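Residue numbers 65 to 128, in the working numbering, belong to the letters of the sequence shown in order. Using N, Cα and C, we set each Cβ at its ideal position, and we do this for glycine too. None of these values were measured; they are calculated from a predicted model. Report on the structure given below.
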Amino acid sequence: MQDLVKIIKWKDEISQIEYMLTKLEVAEEKYAEEERYEQAQLMLLEQKRLLKRKRYLETKIKNT
65 MQDLVKIIKW KDEISQIEYM LTKLEVAEEK YAEEERYEQA QLMLLEQKRL LKRKRYLETK
125 IKNT
């Protein structure tokens with residue numbers, strides 16, 4: 065039962081990460097269009113961090 069609760073929490077976190085990734089992509093494109101490249105780079109770095117977290121959670125779910 066505990067494993068099921070953990071998996072549900074991880075899946076919820078994955079859906080939140082996917083939402084944030086979408087928002088970051090939009091923001092990154094906006095900053096790039098406005099030639100604000102430092103902010104665009106920050107958005108890309110955050111996307112990278114979230115993708116790593118998403119892969120980590122998906123691996124945990126698969127191995128549970």
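By how many angstroms is the C-alpha of residue 77 removed from the C-alpha of residue 68?
Within the model, the alpha-carbon separation for residue 68 versus residue 77 is close to 14 Å.
Could you tell me whether the Cβ atoms of residue 114 and residue 81 are closer together than 7 Å?
In this structure, residue 81 lies closer than 7 Å to residue 114 by Cβ.
So, is residue 118 buried or exposed, given that buried needs 16 or more other C-beta atoms within 10 angstroms?
buried
Candidates 127, 93, 126 and 97, of which the one nearest residue 111 by Cα:
93
Would residue 125 pass as a contact of residue 71 if the rule is Cβ separation under 7 Å?
yes
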